[in-house]
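Here the structure comes first, spelled out in structure tokens, and everything after it is commentary.
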Amino acid sequence: MKRARVIGGIVALLAVIGGGAWWWLHRAPAAAGWQGWIEADFVFVAADEAGRLEQLSVSEGRRVAAGDALFAMEHALQDADLQAAQAQLAEAKARLARIEAATQRPEEIAVLRASEARARAALDLSEAEYERSKALVAQGVATRARLEQAESARDRDRAALAEVQRQIQVAGLSGREEDIEAARRTVAMAQARVESAQTRLKQRTVAAPVAGIVHEVFYRPGEIVPAGRPVVSLLPPANVKLRFFVPQAKLPGLAPGQSVRITCDGCPPNLTARISFVASQAEFTPPVIYSRDERAKLVFRVEARPDQPEALRVGQPIAVFVVP
Numbered sequence: 002m003k004r005a006r007v008i009g010g011i012v013a014l015l016a017v018i019g020g021g022a023w024w025w026l027h028r029a030p031a032a033a034g035w036q037g038w039i040e041a042d043f044v045f046v047a048a049d050e051a052g053r054l055e056q057l058s059v060s061e062g063r064r065v066a067a068g069d070a071l072f073a074m075e076h077a078l079q080d081a082d083l084q085a086a087q088a089q090l091a092e093a094k095a096r097l098a099r100i101e102a103a104t105q106r107p108e109e110i111a112v113l114r115a116s117e118a119r120a121r122a123a124l125d126l127s128e129a130e131y132e133r134s135k136a137l138v139a140q141g142v143a144t145r146a147r148l149e150q151a152e153s154a155r156d157r158d159r160a161a162l163a164e165v166q167r168q169i170q171v172a173g174l175s176g177r178e179e180d181i182e183a184a185r186r187t188v189a190m191a192q193a194r195v196e197s198a199q200t201r202l203k204q205r206t207v208a209a210p211v212a213g214i215v216h217e218v219f220y221r222p223g224e225i226v227p228a229g230r231p232v233v234s235l236l237p238p239a240n241v242k243l244r245f246f247v248p249q250a251k252l253p254g255l256a257p258g259q260s261v262r263i264t265c266d267g268c269p270p271n272l273t274a275r276i277s278f279v280a281s282q283a284e285f286t287p288p289v290i291y292s293r294d295e296r297a298k299l300v301f302r303v304e305a306r307p308d309q310p311e312a313l314r315v316g317q318p319i320a321v322f323v324v325p
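Taking the working numbering, the leading residue of the sequence shown gets 2, the next gets one more, and so forth.
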């Protein structure tokens, strides 16, 4: 009788254990949320030209505002280019000033024309006197000395007329409008070269294009930075995003603009985000989050923008829940 009681107790105990095991295996899973992590779209800041990094004004983790200086590149070559361009501009301006100063005013040219008329009249008289003296000498009426005197007066008046005509020609050529316009174009091109050199020199000091946190520094002062290679990367708060994966059965309940709740280890409570993207094609569960049971399942990628981006860190694992 006693033995039967013991056997009955063992059977009852086994029944309780079996029922508990069945309940454990078939219980509804606790809400664990959709797994994901924090990502960001970084802003990589580089110099326009290669060179040696001369000064680094920030450190990793520092918050900067748009326009704050980040770093400066060596600028000896750019300084020399600017000085050469400024010298060329000064020379072009001086040449233009000389051409404009040489331009004769209309009234000055009129005076020269009047002088030309007087010189021509004097030459006509002296030539007539020379011809008369030549005829008289041939007739034996005048002396040879008179002819030589008339010839000398003619040559003098001829030279005077030629000088006035040369002055008129120079006055007309030195101030030609096309010469002035060409000199002005030269000045404009020299001015453009100066402005270009100033821009290149200014670009050697690089400022933050947006506000954010300095996420990473890639070069240190003294190192050579190739063209196009970033020196620092910035993380604007608006560029932080969540990436998580949702089974197809849960997808109809999600849409852009919908609010979700975030939990993560060490994070403050009540973190929220708004869905910004829902993938249109399924993919296999990413290796970084799948378990042995989940690796063969198809999921949809969803992205959301956090309402409290400063509380999250890039690469941080998260769990996402739909806000009721």
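Ideal placement from N, C-alpha and C gives every residue a C-beta, glycine not left out.
What is the residue span of the beta strand (DSSP E) that residue i lies within?
| i | result |
| --- | --- |
| Ser197 | That residue, Ser197, is in no beta strand (DSSP E); its alpha helix (DSSP H) goes 178 to 203. |
| Phe45 | 44 to 47 |
| Ala283 | It is not in any beta strand (DSSP E) - Ala283 carries neither H nor E in the DSSP assignment. |
| Thr144 | Per DSSP, Thr144 belongs to no beta strand (DSSP E) and is neither H nor E. |
| Phe219 | No beta strand (DSSP E) contains Phe219, which DSSP labels as neither H nor E. |
| Arg53 | 52 to 57 |
| Gln36 | 35 to 41 |
| Ser234 | 231 to 236 |
| Arg244 | 241 to 248 |
| Val323 | 318 to 323 |
| Ala312 | That residue, Ala312, is in no beta strand (DSSP E); it is neither H nor E in DSSP. |
Whole-angstrom Cβ separation of residue i and residue j, contact assumed at under 8 Å?
| i | j | result |
| --- | --- | --- |
| Arg167 | Ala73 | With a Cβ gap of about 60 Å, Arg167 and Ala73 do not count as contacting. |
| Ala41 | Leu272 | At roughly 16 Å, the Cβ-Cβ gap does not stay under 8 Å, so Ala41 and Leu272 are not in contact. |
| Ala184 | Leu97 | 4 Å |
| Val44 | Pro210 | 7 Å |
| Ala122 | Val165 | About 12 Å; that fails the 8 Å criterion. |
| Ser134 | Asp158 | Not really, about 15 Å apart at Cβ, beyond 8 Å. |
Please decide whether residue i counts as near chain C, where near means a Cβ-Cβ distance under 8 Å.
| i | result |
| --- | --- |
| Thr144 | Absent here is chain C; the protein component of the structure consists of one chain. |
Going by CA-CA distance only, name the one from the options that's closest to residue i.
| i | options | result |
| --- | --- | --- |
| Pro227 | Gln36, Phe43, Phe278, Arg53 | Arg53 |
| Ala320 | Gly223, Glu101, Leu243, Glu109 | Leu243 |
| Gly37 | Pro222, Gln317, Arg99, Val324 | Gln317 |
| Ile181 | Ala189, Glu101, Glu40, Lys298 | Glu101 |
| Val65 | Ala146, Gly34, Ala208, Tyr220 | Ala208 |
| Glu284 | Arg275, Phe246, Ala312, Asp266 | Phe246 |
| Pro325 | Ser134, Phe278, Leu255, Ala280 | Leu255 |
| Ile39 | Pro269, Asn240, Asp158, Gln249 | Asn240 |
| Glu311 | Pro257, Arg63, Lys251 | Arg63 |
| Leu90 | Glu75, His76, Ala189, Arg99 | Ala189 |
From residue i to residue j, what distance separates their C-alpha atoms?
| i | j | result |
| --- | --- | --- |
| Ser153 | Ala95 | 45 Å |
| Thr187 | Glu92 | 10 Å |
| Leu148 | Glu130 | 9 Å |
| Thr264 | Arg314 | 13 Å |
| Val303 | Arg194 | 51 Å |
| Ala85 | Glu50 | 19 Å |
| Gly229 | Val46 | 9 Å |
| Gln56 | Val218 | 12 Å |
| Leu71 | Lys203 | 13 Å |
| Ser197 | Gln87 | 11 Å |
| Ala115 | Gln199 | 53 Å |
| Glu117 | Ala163 | 9 Å |
| Val215 | Ser58 | 11 Å |
| Arg262 | Ala48 | 40 Å |
| Glu108 | Glu178 | 17 Å |
Starting from residue i, trace the alpha helix (DSSP H) in both directions and tell me its first and last residue.
| i | result |
| --- | --- |
| Lys94 | 77 to 102 |
Please classify residue i: is it buried, with 16 or more other beta-carbons within 10 angstroms of its beta-carbon, or exposed?
| i | result |
| --- | --- |
| Leu299 | exposed |
| Gly213 | buried |
| Pro222 | exposed |
| Gln79 | buried |
| Ile225 | exposed |
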